[in-house]
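One structure is given here, and the rest of the page talks about it.
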Amino acid sequence: MTSFWNRIGWRLTAHLLLLTLGLANIYPFMWMASTSLKTDSEAKIHKTELLPVLKYQLSDGLTAIPAADPADPFSERTSKLLADLKSENDRARSISRTFVPARVSSDEYARRFNLVTESAGSAGKIVRGLDLKTATAELDRLVARGQLQTARFQTENYTFVLRDLRFAMHTAVSLIVTAAVVAIALLLSSMLGYALARLKFPGKMLVLSLLIVGTVAPKDAGYIPVFMMFQSLGAFDSLWGMVLWMSGVSIGNTFLMAGYFLTLPKEVEEAASVDGAGPFRTFFDIALPMARPIVMTVGLFSFLGAWNDFLVPFLCTLSRPEMQPLAVAVVGFRDQNPELWHLTSAAAAIMVLPVIAIFIVMQRTIVNSIAVGAVKG
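If you count the sequence shown from 1, you need to add 7 to reach our numbering.
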């Protein structure tokens, strides 16, 4: 009985620990997604709230602003609010191709018109705060009149980032470069891994030794000579130069490929050789299809490396900022506009979403695809 409860206790502790670590890792992504759907002021005021607050904006059919009634402070405040929102919308339409409606929340409304409330705090002190109850009631009355409508998520941030900030072009560059890098990296890593696992050729031990030395040497040590070589070749400011630099053989991927090819049965390849298949045909028609799980894994690693790479694309596009991939463009926009958290978060979300989608698809494929070597007698 004691051992049973001990097992339950250890499992519960392990699950709580995993849940805590999972939440700690996923919270930054949740915060980023939430901030990307907020207004500029909301992103600064309600930093820690994951769910964007309810906001109010002009109704689409509102054309005339009613005159304020001097005897009614509510009428005076709301007339000024409606006029200000209309003025902000007109200005936004005139300067931006992507129209983002001006929105106001209850606390912003209370601040704008100095709506405060007083309550008794500790030790009899009077505590002053925003009168959110009155602000919400007045805004809801405008909604009931059909002059305002509610919105919680500002999805226009994504349209603004993609169209006005030209992030659609940077996304296209990232997709093109990443696809080319993944294709070349898969071809090189799989062919080299297969050669090391199956073929006998002069200098094989030398190649293995160089690869092992390469795992010890820091990756950044080769940037300067490669930079000078590419500069002399005139390979900068072009997509092919960027792809060529990023498509170098990954030593880790090569060893993954070689290790997996060693687990495949030789008999199938020997049977293909007896039937007249050469090394290339045996590799492409027999070995590579059987190694599908490791190919998908290496493809995922190559995708993540190429999609998230910053230094190489930055060096290759110093004089051509319009050719920058998404990773470089996001960092550049953040450095130039450190106060625009909502737009920076939207740009970062655009960069993260493909990675999450690809990982989910690849993970399912890797788990479900099991290569089983079989020899038919």
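Positions of the beta carbon are idealized from the N, C-alpha and C atoms, including for glycine.
The structure displayed is predicted, hence computed values, not measured ones.
Look at the alpha carbon of residue i and the alpha carbon of residue j, and state the distance between them as a whole number of angstroms.
| i | j | result |
| --- | --- | --- |
| R288 | R159 | 58 Å |
| F120 | L92 | 14 Å |
| L30 | K207 | 50 Å |
| G285 | M198 | 14 Å |
| A353 | L88 | 28 Å |
| R84 | K140 | 15 Å |
| Q161 | D171 | 16 Å |
| A50 | R341 | 15 Å |
| A294 | V302 | 11 Å |
| L218 | Y267 | 17 Å |
| F321 | Q331 | 7 Å |
| N344 | L350 | 9 Å |
| V250 | I258 | 18 Å |
| D97 | R18 | 60 Å |
| D227 | F317 | 13 Å |
| T166 | S216 | 51 Å |
| L195 | L203 | 12 Å |
| E346 | A90 | 27 Å |
| R152 | P73 | 12 Å |
| F243 | A109 | 43 Å |
| G380 | G200 | At G380 the pLDDT is 32, less than 50, meaning the model places this residue with poor confidence; the figure from the coordinates comes in the next sentence. If I take the Cα positions, the gap works out to 18 Å. |
| K211 | R205 | 11 Å |
| F290 | L61 | 59 Å |
| V168 | A175 | 8 Å |
| L28 | F36 | 14 Å |
| D177 | G16 | For the sequence presented, residue 177 should be read as His rather than Asp. Those two C-alpha atoms are separated by around 51 Å. |
| N13 | A40 | 40 Å |
| L360 | A265 | 32 Å |
| A224 | K54 | 42 Å |
| L23 | V319 | 40 Å |
| C323 | S86 | 54 Å |
| M369 | L263 | 17 Å |
| E115 | T222 | 56 Å |
| G248 | S326 | 14 Å |
| W348 | S94 | 24 Å |
| G229 | G241 | 18 Å |
Could you pull out every residue in the same chain whose Cβ sits closer than 8 Å to the Cβ of residue i, ignoring the five residues on either side in sequence?
| i | result |
| --- | --- |
| V150 | Y63, Q156, T157 |
| I365 | L307, F310 |
| G339 | P328, Q331 |
| V180 | L246, M330, Q331, P332, L333 |
| A3 | Nothing about residue 3 can be reported from this structure: the residues present for the chain run from 8 to 384 only. |
Using C-beta distances below 7 Å, list every residue in its chain close to residue i, excluding the 5 sequence neighbours before and after it, in chain order.
| i | result |
| --- | --- |
| M358 | L333, A334, V337 |
| T20 | none |
| S113 | L139, A142, T143, L146 |
| Q154 | S66, L69, L89 |
| F81 | E145 |
| L26 | none |
| V362 | L311, W314 |
Going by DSSP in three states, residue i sits in which element: helix, strand or coil?
| i | result |
| --- | --- |
| V123 | strand |
| G136 | strand |
| G283 | coil |
| G68 | coil |
| D47 | helix |
| R118 | helix |
| G16 | helix |
| L217 | helix |
| V107 | coil |
| S86 | helix |
| E56 | coil |
| A224 | coil |
| S196 | helix |
| K273 | helix |
| L25 | helix |
With DSSP as the reference, please indicate the residues paired to residue i in a beta bridge.
| i | result |
| --- | --- |
| T304 | In DSSP, T304 forms no bridge with anything. |
| K62 | S112, A158 |
On the premise that residue j lies in contact with residue i, defined as a C-beta separation below 8 Å, what is that separation, rounded to the nearest angstrom?
| i | j | result |
| --- | --- | --- |
| L193 | V305 | 6 Å |
| L57 | W38 | 7 Å |
| L246 | I183 | 7 Å |
| V107 | A99 | 6 Å |
| A356 | S43 | 5 Å |
Please work out which residues of its chain come closer than 6 Å, Cβ to Cβ, to residue i, disregarding the five sequence neighbours upstream and downstream, and give them in chain order.
| i | result |
| --- | --- |
| R135 | V123, E125 |
| A313 | T185, V188, M253 |
| T261 | S196, L199, G200 |
| T46 | R110, Q161 |
The ligand MG heavy atoms versus the CB of residue i: any closer than 8 Å?
| i | result |
| --- | --- |
| R159 | Ligands displayed in this structure: none; no statement on the ligand MG is therefore possible. |
Is there a Cβ from chain B that is less than 9 Å from the Cβ of residue i?
| i | result |
| --- | --- |
| V319 | Reference to chain B is not applicable here, since this structure consists of a single protein chain. |
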